[in-house]
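Note that the sequence shown covers residues 176 to 449 in the working numbering.
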Amino acid sequence: IVAGALLAVVIGLMAFLGLEYRQEVGAVQRTLEVEKRLSQLLSTIQDAETSNRGFLLTDDETYLQGYKKATAQIGGEFDDVKALVADNPEQGLILANLRPLIESRLALLEEVIAVRRSGGLESAARFVQTNIGRNVMIEVRAGFGQLQENEAELLRLRQAGAQRLITAVSITSIVGIALVILSVSAWIWNVRRDQRLLLAASNERLQAEAQMRQMQKIEALGQLTGGIAHDFNNMLAVVISGLSLIKRRLAAGNTDVLELTDATIDGANRAAAL
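#1: Buried or exposed: where does V177 fall if 16 or more other Cβ atoms within 10 Å of its Cβ makes it buried?
#2: Give the secondary structure of I176 by DSSP, where H, G and I count as helix, E and B as strand, and everything else as coil.
#3: Would L322 and I269 be called neighbours here (beta carbons separated by less than 7 Å)?
#4: Helix, strand or coil, according to DSSP, for D235 in the structure here?
#5: Helix, strand or coil: which one does DSSP assign to D431?
#6: Using the C-alpha atoms, what's the distance from S226 back to G201?
#7: Give the single residue among D254, L418, G401 whose Cα lies nearest to the Cα of Q338.
#8: Any chance the stretch 421 to 428 sits against the stretch 334 to 349, with 3 or more Cβ pairs inside 8 Å?
#9: Tell me the DSSP secondary structure of N444 in three-state form.
#10: For G397, does the count of other Cβ atoms within 10 angstroms reach 16, so buried, or fall short, so exposed?
#11: Can you tell which of L283, L329, S293 has its C-alpha closest to the C-alpha of I307?
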């Protein structure tokens with residue numbers, strides 16, 4: 176009874192920790208996605224600046240094709256980032272302050288295009304030399320820097336949380352199985368003690384017959400518990416191996432762990448069934 180109760184507790188804890196781990200991994204993946212989208216958005220803004228600068232220097236309208244493409248993408252990319260950090264008020268506030276700066280920078284790029292068309296290169300150069308656009312872009316980059324710094328810290332914390340859960344699952348498994356084995360061992364020891372007392376009180380013939388029957392029972396019980404322990408240990412080995420591989424991949428920055436996660440969950444479900 177004690178062994179069965181302990182086993183149920185261990186399985187319950189492992190299932191709970193597994194769910195928590197999946198949630199933590201999801202948070203890590205979301206943080207990585209935010210970092211990717213932030214880099215993409217900043218790159219798009221820089222593409223717009225580069226194309227704009229090419230037009231100012233050459234008066235070649237083909238440069239504005241890249242500029243128009245980049246400016247058309249910025250709004251959607253910004254909204255994607257905003258949706259990803261919706262659960263983070265601090266990041267949301269930085270984005271809210273960053274949006275008017277980006278819009279201001281885009282407006283200045285449009286204005287300098289108009290100046291280049293109407294007044295030529297010298298007028299555009301004088302406009303650029305006011306450094307208004309550069310100052311706005313410095314603020315934009317600072318905002319992106321703060322966002323990326325915050326996401327990097329979130330990533331560190333979430334990866335640490337995932338690591339703690341892996342450790343907790345491992346410790347729970349080891350301690351739980353050890354307690355189950357101790358409980359079964361204690362039960363077997365009690366059974367054998369009772370058998371010795373009974374055999375000592377019986378006559379020689381009854382003692383021999385009882386001993387033979389009891390040995391058969393113990394042998395069957397040993398085969399049963401040994402088989403269960405062996406099968407369960409194999410399943411735990413699959414779970415622990417899967418978690419170890421997931422840990423290595425995540426440590427290496429590789430988030431392609433869905434297949435390993437499925438295999439680990441399958442192993443845990445088989446252990447639960449056993």
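Ideal Cβ positions, reconstructed from N, Cα and C, are used throughout, including at glycine. These numbers come from a predicted model, not from an experiment.
Reading it off the structure:
#1: In summary, V177 is exposed, with fewer than 16 beta-carbon neighbours lying within 10 Å of its beta-carbon over all protein chains present.
#2: In the structure shown, I176 sits in coil (DSSP, three-state: anything other than H, G, I, E or B).
#3: Less than 7 Å separates the beta-carbon of L322 from that of I269.
#4: DSSP, read as helix, strand or coil, puts D235 in coil.
#5: DSSP, reduced to helix, strand and coil, places D431 outside both helices and strands of the structure shown, so it counts as coil.
#6: G201 and S226 have their alpha carbons spaced roughly 37 Å apart.
#7: Minimum Cα distance to Q338 is reached at L418.
#8: When Cβ pairs closer than 8 Å are counted between the two stretches, the stretch 421 to 428 is seen to touch the stretch 334 to 349, the count reaching three or more.
#9: DSSP places N444 in helix when its eight states are reduced to three.
#10: With fewer than 16 Cβ atoms within 10 Å of its Cβ, G397 is classed as exposed.
#11: Here the closest residue by C-alpha is L283.
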